[in-house]
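Enquirer: Quick note on our numbering: the sequence shown kicks off at 274 and runs consecutively.
Beta carbons: idealized from backbone N, C-alpha and C, even for Gly.
Note that the structure is predicted; figures quoted are calculated from it, not measured.
Quick one: this structure, given as structure tokens, is what I'll be asking you about.
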Amino acid sequence: MSQRILVIRPLRQADQFIELLERAGNQVCHIPVMAIEPVVDGQSIKNLILEVDNFDKAICVSGNAAELAIEWLDRYWPMQPVGIEYFAIGQQTAHILGAADIVALSPSGRQNSEALLALPELQDLRDQRVIVFRGRGGREILGDTLIERGARVDYCELYERVINPQKALLARKQMLESDCLVAHSGELLTALGDQSGESGAETAVVVPSERVAEIAWKLGYRNIVSADNALPEAMLAAVQKAL
274 MSQRILVIRP LRQADQFIEL LERAGNQVCH IPVMAIEPVV DGQSIKNLIL EVDNFDKAIC
334 VSGNAAELAI EWLDRYWPMQ PVGIEYFAIG QQTAHILGAA DIVALSPSGR QNSEALLALP
394 ELQDLRDQRV IVFRGRGGRE ILGDTLIERG ARVDYCELYE RVINPQKALL ARKQMLESDC
454 LVAHSGELLT ALGDQSGESG AETAVVVPSE RVAEIAWKLG YRNIVSADNA LPEAMLAAVQ
514 KAL
């Protein structure tokens, strides 16, 4: 029997997760309640990119960060600067960098900041400079921990996440007609509002981590399934478990 799956993450050129859902026979409704918009005022970004060869390590926190970092590097560095060790949160992010001939280390299990920080290469960072490519308003645990370990950290904020209130309202209504809601971040769930005492509280919700599951619980959801990570295959397995 075909299941109705509501996906609310931002649009992507090719969304492998949605393709997997549809291939499995599900009806997918994609309402992107959030848009990823590149930072318009790029002077601070340009300044960091021009001195990127002075950094020992570079970290990309997401696929969006990786794609935009590559664009900026290509603009000012015809040849990739040498001597930088790259890291990625998530294997998909590492693959994006790899397509640009940038080899990046990435945790193989959980796809989050905590898993990245567990890598041996990021333990002793005394006298090292680290540039973190991310969006505005990202989690602070990564940078704070790097600083505690002796690093000098610079954030290169390449994009911002913009919630569309109309689409959030539409998704909230659509959730009542869906068998499962898939939310790839706590921010996406928060955009739909508190579900305590609402009909949507009983909708099955699939999230990529225990951290996001805790956010879902606080928002009133009670049928929550946490995937092993945010990779498409893991999220699909969680959806199948939820249903």
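Determine contact between the region 479-487 and the region 314-331, defined as no fewer than three beta-carbon pairs at a distance below 8 Å.
Expert: They do not touch, by the three-pair rule.
Enquirer: Between which residues of its own chain and ILE375 is the CB-CB distance below 6 Å, once the five residues before and five after are set aside?
Expert: The residue given as residue 375 occupies position 102 in the sequence shown. TYR359, listed in sequence order.
Enquirer: By the three-class DSSP mapping on this structure, what secondary structure does VAL355 have?
Expert: As a first step, residue 355 is located in the sequence shown; it is residue number 82 there, counting from the start. VAL355: coil per DSSP, three-state reduction.
Enquirer: Return helix, strand or coil for ILE497, following the three-state DSSP convention.
Expert: Counting from 1 along the sequence shown, the entry for residue 497 is found at position 224. Strand at ILE497.
Enquirer: Taking C-beta to C-beta, are ALA515 and SER499 nearer than 8 Å?
Expert: Indexing the sequence shown from 1 puts residue 515 at position 242. Indexing the sequence shown from 1 puts residue 499 at position 226. No.
Enquirer: For the beta strand (DSSP E) containing GLU310, name the first residue and the last one.
Expert: Counted from its first residue, the sequence shown places residue 310 at position 37. Residues 307-311.
Enquirer: Hey, could you find the ends of the alpha helix (DSSP H) ASP427 is sitting in?
Expert: Start at 1 with the first residue of the sequence shown, and residue 427 comes out as number 154. No alpha helix (DSSP H) holds ASP427; the beta strand (DSSP E) holding it covers 425-436.
Enquirer: For ILE309, collect the residues of the same chain with a Cβ closer than 6 Å to its Cβ; drop the 5 residues on either side in sequence, then sort them by chain order.
Expert: Start at 1 with the first residue of the sequence shown, and residue 309 comes out as number 36. Same-chain partners within the cutoff: PRO283, ASN337, TYR432.
Enquirer: Which residue comes first and which comes last in the beta strand (DSSP E) that contains ILE343?
Expert: Counting from one through the sequence shown, the residue named residue 343 turns up at place 70. Not the beta strand (DSSP E): ILE343 falls in the alpha helix (DSSP H), residues 336-349.
Enquirer: Three-state secondary structure (DSSP) at VAL455?
Expert: Looking up residue 455 in the sequence shown gives position 182. DSSP places VAL455 in strand when its eight states are reduced to three.
Enquirer: DSSP has VAL280 in a bridge; who is on the other side?
Expert: Residue 280 sits at position 7 when you count from the first residue of the sequence shown. DSSP, once it has assigned bridges, lists HIS303, VAL455 as partnering VAL280.
Enquirer: Can you check whether the CB of LYS440 is closer than 8 Å to the CB of ILE278?
Expert: Taking the sequence shown and counting its residues from 1, the one referred to as residue 278 is at position 5. Taking the sequence shown and counting its residues from 1, the one referred to as residue 440 is at position 167. Going by C-beta atoms, ILE278 is not nearer than 8 Å to LYS440.
Enquirer: Tell me whether VAL480 sits in a helix, a strand or coil according to DSSP, three-state version.
Expert: As a first step, residue 480 must be located in the sequence shown, where it is residue number 207. The answer is strand: DSSP assigns VAL480 an E or B state.
Enquirer: Between the region 405-423 and the region 440-457, do at least 3 Cβ pairs fall closer than 8 Å?
Expert: The region 405-423 is not in contact with the region 440-457.
Enquirer: Would you identify the three-state DSSP class for PHE290, choosing helix, strand or coil?
Expert: The sequence position of residue 290 within the sequence shown is 17, counting from 1. It is helical.
Enquirer: Is the beta carbon of ARG383 sitting closer than 8 Å to the one on ASP329?
Expert: As a first step, residue 383 is located in the sequence shown; it is residue number 110 there, counting from the start. As a first step, residue 329 is located in the sequence shown; it is residue number 56 there, counting from the start. Not in contact: ARG383 and ASP329 (Cβ atoms no closer than 8 Å).
Enquirer: Compare the Cα-Cα distances from VAL306 to each of LEU465, SER381, ALA372, ASP347 and report the closest residue.
Expert: On the sequence shown, residue 306 is found 33 positions in, with the first residue counted as 1. Nearest of LEU465, SER381, ALA372, ASP347 to VAL306, Cα basis: LEU465.
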